[in-house]
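Chains B and Y are the protein sequences, given in the same order. Position one of the first sequence corresponds to residue 51 (the numbering used here), numbered consecutively onward. Position one of the second sequence corresponds to residue 51 (the numbering used here), numbered consecutively onward. Below is one structure; the comments refer to it alone.
Protein chains: 2
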Amino acid sequence: MDGMDADATSSGATPGSPGSPGTPAAPATARSRRFDPDRRARIIDAALDVIAEVGVAGVSHRKVAARADVPLGSMTYHFDDMDQLLRVSFEKFADTIATRYEQWFRQATNADEARAAVVGLIHADLLDSQRELVLTTELYTLAARKPEFRTLTCDWMARSRRALRPFFDEPTTHLLDALIEGLFIHAALDTTPPERARTAEAVRRITSG
Amino acid sequence: MDGMDADATSSGATPGSPGSPGTPAAPATARSRRFDPDRRARIIDAALDVIAEVGVAGVSHRKVAARADVPLGSMTYHFDDMDQLLRVSFEKFADTIATRYEQWFRQATNADEARAAVVGLIHADLLDSQRELVLTTELYTLAARKPEFRTLTCDWMARSRRALRPFFDEPTTHLLDALIEGLFIHAALDTTPPERARTAEAVRRITSG
DNA sequence: CGGTCATGCGTACGAGCGTACACATCCCGA
DNA sequence: TCGGGATGTGTACGCTCGTACGCATGACCG
């Protein structure tokens, strides 16, 4: 006997229009307990939010459900288990970041502009990157332990390099990509802020065959 | 009512020599339930082992206690709470790695030998680094979220740079250290193994003012 | 030798967890 | 109109967890 099981997630039942027939086609925007087409996507976003806040260590079905405003039972209905939810969530995260990365370099038209873009990327990203920094390191941690997450990081890195490829030769893209990673992490985990000039110098050196 | 609380951690009591007076000075090597001078250190080592195996996410007092062969009550006796245990454990880990790093470069006598040492470091470390890779990313994850861990990573990075400082000018040590970080992570999380020649080329470029 | 007190430990409690599963609800064909 | 199948949800069970705390133990002093 727990006597405590009825938690905030479920109970309430949000009366609203209990038996209302409602418009047959439904107004698309009005999601209800029963009709809620993009619930799955919302769960994924909520999961990423929760991970960013309390870490993979602190994630639970209940927290994610509460954040997504979804009944607890929905979690295991849409995702087999916690592992799958994490995997799917990080897939979406990696895709989002990689896409932005690609677009960032799409504006460059030559090697010099690409170099400038790299510097800008590192320093711009740092401004509001708390969430992304945390999610990135959480993903790396998972990847360090479980191979099934490693394919994810692997694909992500491949996309990053492909974005640099138009401007530099193949070996250089590898080196540059690794340098970006290192600068990014050190900048994020160091207390002294990075100097833009120093970053620019690093990029210049690594891209000068 | 749980009825399940008596878990493997405690019970047993390992009879051995229950009331034995033992040698007054104690044979140093024979730790007993009561006399166990380096218990604290053993708990820390056990904690790192457990973290490496199941991640910060999966760590618990009970698992660490079992691994260290220590009663559960000992955990909160020696450490105020889980957070402190993690902090102390990662302090030890960072110190261990940084010390090895310093010794690794102490053998070099000039810039060229230092460059070779860098390449060797990245490729040697990768061989048996599963444990260290995991612990490192776990630490970064913690540092990304909690400032009190960031001072730890920060000191670690400072020591690393100091180890490089005898061979390169100040800005270069920053760049080289970041490059090492990036190469290391990418090598670890990529599926294709890194090529030694490529690493050497990266080091050459970044250290050529 | 006997009493006292710091040290260290076993155990129980209450909370939070993942997940299974009976059941409510809705949709749709007849 | 009605019945049956599909879809989604509330809730309970069996666990593990961190931590508080009363008590056993052995050292030490008189």
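In this text, a Cβ means the ideal position worked out from N, Cα and C, and glycines have one as well. Note that the structure is a prediction, hence the values are computed from the model and not measured.
What are the boundary residues of the alpha helix (DSSP H) that residue i is part of?
i        : result
Lys196/Y : Neither: Lys196/Y is in no alpha helix (DSSP H) and is coded neither H nor E.
Pro243/Y : From DSSP, Pro243/Y is part of no alpha helix (DSSP H); its letter is neither H nor E.
Asp145/Y : Met132 to Arg156
Val169/Y : Ala161 to Asp175
Arg90/Y  : Arg89 to Gly108
Gly123/B : Leu122 to His128
Arg112/B : His111 to Ala118
State yes or no: is the C-beta of residue i nearer than 6 Å to some heavy atom of the ligand SAH?
i        : result
Asp130/B : The ligand SAH is absent from the structure shown, which contains no ligand whatsoever.
Can you tell which of the options has the C-alpha that lies nearest to the C-alpha of residue i?
i        : options                                   : result
Pro197/Y : Gly232/B, His224/B, Arg89/B and Ala238/B  : Ala238/B
Arg165/B : Phe217/B, Ser179/B, Asp133/B and Phe199/B : Phe217/B
Ala194/Y : Arg181/B, Arg195/B, Trp154/B and Thr201/B : Arg181/B
Trp154/B : Ala174/B, Arg200/B and Leu189/B           : Ala174/B
Arg92/Y  : Arg200/Y, Ala118/Y, Thr222/Y and Met207/Y : Ala118/Y
Glu220/Y : Glu245/Y, Leu183/Y and Gly259/Y           : Gly259/Y
Consider the Cβ of residue i: report whether some Cβ of chain B lies at a distance smaller than 7 Å.
i        : result
Gly232/Y : yes
Tyr190/Y : yes
Ile235/Y : yes
Thr187/Y : yes
Ile256/Y : yes
Ala184/Y : Correcting the residue type first, residue 184/Y is Val in the shown sequence and not Ala. Yes, its Cβ sits closer than 7 Å to a Cβ of chain B.
Asp240/Y : yes
Arg248/Y : yes
Using 7 Å as the limit for Cβ to Cβ distance, is residue i near chain Y?
i        : result
Val106/B : yes
Pro216/B : no
Thr203/B : yes
Thr223/B : no
Ala193/B : yes
Leu136/B : no
Ala148/B : no
Ala174/B : no
Please state whether the Cβ-Cβ distance between residue i and residue j is less than 7 Å.
i        : j        : result
Val120/Y : Val253/Y : no
Thr249/B : Ile172/B : yes
Val109/B : Val100/B : yes
Met125/B : Ala115/B : yes
Leu135/B : Phe129/B : yes
Ala228/B : Leu185/Y : no
Leu192/B : Ser139/B : no
Leu202/Y : Ala144/Y : yes
Arg255/B : Arg255/Y : yes
Ala148/B : Arg209/B : yes
Glu231/Y : Ile230/B : no
Glu141/B : Ala213/B : no
Tell me whether residue i is buried or exposed, calling it buried when 16 or more other Cβ atoms sit within 10 Å of its Cβ.
i        : result
Ala37/B  : As displayed, chain B neither begins before 51 nor continues past 259, which places residue 37/B out of reach and without an answer.
Asp131/B : exposed
Pro163/Y : The amino acid occupying residue 163/Y in the given sequence is Glu; Pro does not appear at that position. It is exposed - the Cβ of Glu163/Y has fewer than 16 other Cβ atoms within 10 Å.
Tyr127/B : exposed
Ala161/B : exposed
Asp88/B  : exposed
Thr241/B : exposed
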